Amino acid sequence: MAQGFGVTYDAAVIGGGVLGCATALHLARGGMRVALLERGGLCTQASGVNAGTLSMHHFRRLELVPYALRAWEMWKTASEWLGGGLEFGAQGGLVLAFNAREAELVKDKAVELKAAGSPVEVVDTAQARRIEPGLGPGVVLASHCPMDGHANASLIGRVFRAALMAASVDVRQGREVTALEHGSGGFEVRTTEGVVVARRVVLAGGVWLGRMADWFGLHAPVSYRVQQMAVSERMAPVMRTILGNVNGRLSLKQVDNGTVLIGGGWIGKGDPDHGGNEVISTSLVGNIRLARYSIPALARARVVRVWLGLRDVYPDDRPIIGPLPGIDDAYIIGCGISGFTIGPYLGKLLAQRILGQEPEMALFDPTRVVTAR
Ligand SMILES: Cc1cc2nc3c(=O)[nH]c(=O)nc-3n(C[C@H](O)[C@H](O)[C@H](O)COP(=O)(O)OP(=O)(O)OC[C@H]3O[C@@H](n4cnc5c(N)ncnc54)[C@H](O)[C@@H]3O)c2cc1C
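Numbering (the working numbering), first residue to last: 87 to 459.
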C-alpha cells in the first residue's frame with residue numbers, strides 16, 4: 087500500500103459540505119486524526135448556497151422532527167461548539183394556507199408536527215397578522231412555530247474551517263478524490279494531488295454520493311433537484327418571520343442586512359456532472375409572484391441575484407447514515423431535504439458511531455437503499 091504523505095489517518099472524510107465538516111469535526115474532537123478532502127471549497131455547494139432556513143415546520147418525514155429539535159439546539163449554541171458569526175436568529179415562522187383545501191392541510195400537518203414534538207400551533211388570520219403584519223389578504227389560515235429561524239449559509243464554510251483547523255483536522259480543499267482502494271491496512275484514497283491513506287473513510291458527497299458509492303461497486307440511488315434562489319436588494323423592513331406555504335413552494339425571509347431571500351424549491355436546469363446550469367425564468371416569476379402574494383410590500387423589491395443549488399434526493403426521503411454494506415470501516419452520510427437544519431447533528435451521530443460510542447439517536451441504515459451492483 088502506498089504511504090500517501092507519510093501519515094495514516096484514522097479517518098478520511100470525502101466531501102466538505104455541512105455533513106462532512108460536522109462529521110470530521112466530531113471525529114477529531116473524539117481523538118481521531120482526520121483528513122477532510124474537498125474538491126472545491128468547504129461548504130460551497132448545497133451547504134453554502136441554500137436558503138439557511140432552520141425550520142421545525144417542513145418535514146416530509148415526521149421521524150426527523152426529534153433530530154431537528156436537537157440540531158436546532160446546536161445552531162442556537164453554535165458560538166460555543168463551532169464558533170460565532172453565523173447570524174443565527176429564531177424569529178419564528180408561519181406556514182400559510184391560501185384556500186380551504188390548504189387550510190385543512192395546515193390543520194392536519196400541525197396536529198402531526200405537534201405530536202412529533204415540534205411546538206407548532208394553528209393560528210387564525212388575525213393572530214397570523216399580529217405575528218406577521220406584512221401578510222397579504224389571500225391568507226386564510228396559518229400555523230406558527232416560534233422556533234423557526236435561520237443561519238447565514240454563506241458563512242458556514244469559513245466558520246467550519248476555523249473550527250476544523252483548531253481541532254487539527256487536515257483540511258485539504260481543491261482536492262478531488264478520483265478513486266478508492268481497500269486493502270488490509272485501510273484505504274488508499276486517490277486524489278488529484280496524491281494519495282491519502284486512512285483506516286476508515288466517510289463518503290459525504292451530497293448529490294455526488296452515487297458516484298462515490300461506485301468506487302466500492304455499490305449502487306446508491308441518489309438523485310437530485312436543481313433549486314433556484316433569488317435575493318432582493320436591501321429594503322426597509324417588510325417582514326419579521328420565516329414564511330413558507332403548506333405545499334412547500336415558498337421559503338421567504340428578510341435577513342438582518344435588509345435583503346429578502348426568496349426560494350421554495352422552484353426548479354432550475356442543470357445536473358451535477360455536466361454543469362450548464364441555467365435559471366428557468368418561468369420558475370423565477372412563479373416564485374416571486376407567490377412571494378408578493380404572501381407579502382404585498384415585496385412588489386417594491388428588486389431582485390439583484392438569482393442562483394442555483396443542487397439538493398440530494400433519496401428514494402424514501404429519509405437520510406442515509408451509517409456503515410456501507412459489506413465494506414468494513416467505510417461509512418456514508420447524506421440527508422437531502424432539511425440537510426442544512428439537521429446536518430450538524432447527523433454528523434455528530436455518525437461520529438459517535440465511528441468512535442465506537444452508542445449514538446444518542448438511531449442512524450438511518452444505508453442498507454435499505456444502498457446495494458451491491
Ligand atoms: C437551493 C437550496 C436551498 C436549500 N434550502 C435549505 C434550507 O433552507 N434549509 C435546510 O435545512 N436545507 C436546505 N437545503 C438542503 C441542504 O442545503 C442540503 O441538504 C445540505 O447542504 C447537504 O449537505 P451535504 O454536506 O450533504 O452536501 P454538499 O453541501 O453538496 O457537500 C458535498 C461536497 O462534496 C464535495 N465532493 C463531491 N465529490 C467529490 C469528490 N470526488 N472529491 C472531493 N469532494 C467531493 C462537493 O464539492 C461538495 O462540497 C437546500 C438546498 C438547496 C440546493
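Virtual Cβ for every residue (Gly too), placed ideally from N, Cα, C.
Keep in mind that this is a model prediction, so the values were computed, not measured.
Cα-Cα separation, Met87 to Val99: Confidence at Met87 is low in this model, with a pLDDT of 46, below 50, so the placement of that residue is unreliable and no value is reported for it.
Which partner residues of Arg258 appear in the DSSP bridge assignment? Leu123
Please tell me whether Leu329 and Val308 are closer than 8 Å, where the distance is taken between their beta carbons. no
Between Val399, Ile418, Tyr431 and Arg326, which lies nearest to Arg146 when the distance is taken from Cα to Cα? Considering only alpha carbons, the answer is Val399.
Element boundaries [alpha helix (DSSP H), containing Arg45]: What the structure shows of the chain is the stretch from 87 to 459, and residue 45 is not part of that stretch, so it cannot be assessed.
Where do the N-terminal and C-terminal ends of the beta strand (DSSP E) with Arg156 fall, by residue? Counting along the chain, Arg156 falls outside any beta strand (DSSP E), though it belongs to the alpha helix (DSSP H) covering Val151 to Lys162.
Between the C-alpha atoms of Val283 and Arg311, what's the straight-line distance to the nearest angstrom? 33 Å
Below 8 Å between beta carbons: does that hold for Leu128 and Arg261? Cβ distance not < 8 Å, so Leu128 and Arg261 don't count as in contact.
Please go through the same chain and pick out, in chain order, the residues whose beta-carbon is closer than 6 Å to the beta-carbon of Gly178, but skip the five residues on each side of it. Pro232, Asp234 and Thr327
Where Arg454 falls, given that 16 or more other Cβ within 10 Å makes a residue buried: exposed
Per DSSP, which residues does Thr277 bridge with? Please list them. Val263 and Gly280
Per-residue burial, His360 [other beta carbons within 10 Å of its own, 16 or more giving buried]: With fewer than 16 other CB atoms across the displayed protein chains lying within 10 angstroms of its CB, His360 is exposed.
What runs of the beta strand (DSSP E), each 3 residues or longer, lie entirely inside the stretch 166 to 199? 179 to 183
Enclosing beta strand (DSSP E) for Arg397 [first to last residue]: Per DSSP, the continuous beta strand (DSSP E) segment holding Arg397 begins and ends at Val389 to Val399.
Who are the Cβ neighbours of Lys434 in its own chain at under 7 Å, not counting the five residues just before and after it? Ala108 and His112
Taking DSSP as the reference, what is the three-state secondary structure of Gly116? Taken through DSSP and simplified to helix, strand or coil, Gly116 comes out as coil.
Quick check: is any heavy atom of ligand 1 less than 7 Å from the C-beta of Asn363? Incorrect: Asn363 has no Cβ contact closer than 7 Å to ligand 1.
How would you label Ala385, buried or exposed, when you count the other beta carbons within 10 angstroms and need 16 or more for buried? exposed
When every heavy atom of ligand 1 is checked, does at least one fall within less than 7 Å of the C-beta of Trp301? Trp301 has its Cβ no nearer than 7 Å to any heavy atom of ligand 1.
What is the DSSP secondary structure of Leu111, reduced to helix, strand or coil? It is helical.
Neighbourhood of Arg459 by C-beta, 7 Å cutoff - its chain only, sequence neighbours within 5 removed: Taken in chain order, the residues that qualify are Gly303, Leu304 and His305.
Cβ of Gly291 versus every heavy atom of ligand 1: is any distance shorter than 7 Å? yes
What do you reckon, are the CB atoms on Leu172 and Asn238 nearer than 8 Å? yes
Just to confirm, does Thr345 get its C-beta within under 7 Å of one of the non-hydrogen atoms of ligand 1? No, since every heavy atom of ligand 1 falls outside the 7 Å radius drawn around the Cβ of Thr345.
Inter-residue Cα distance where the pair is Gln89 and Ala97: A caution first: Gln89 carries a pLDDT of 42, below 50, which makes its placement in the model unreliable, though a value can still be read off. Cα to Cα, the separation comes out at about 15 Å.
Roughly how many angstroms separate the alpha carbons of Ala121 and Pro401, rounded to a whole number? 30 Å
If I follow the unbroken beta strand (DSSP E) through Asn373, where does it start and stop? Where Asn373 is concerned, there is no enclosing beta strand (DSSP E), although the alpha helix (DSSP H) around it starts and stops at Ser367 to Ser380.
What would DSSP say about Met87, mapped onto helix, strand or coil? Note that Met87 has pLDDT 46, beneath the 50 cutoff, so the model's placement of it is unreliable and the number below is only indicative. Note: Met87 maps to coil in three-state DSSP.
By alpha-carbon positions, which one of Ala202, Trp161, Met447 and Asp194 ends up nearest to Val245? Trp161
Is it buried or exposed for Asn185, if we count other Cβ within 10 angstroms and need 16 for buried? Asn185 is exposed by the Cβ-count criterion.
Exposure of Ser165, with buried meaning 16 or more beta-carbon neighbours within 10 Å: exposed
On the three-pair Cβ rule with 8 Å, is the stretch 335 to 352 touching the stretch 373 to 391? yes
Is it right to say Arg216 is buried, meaning 16 or more other beta carbons lie within 10 angstroms of its own, or is it exposed? exposed
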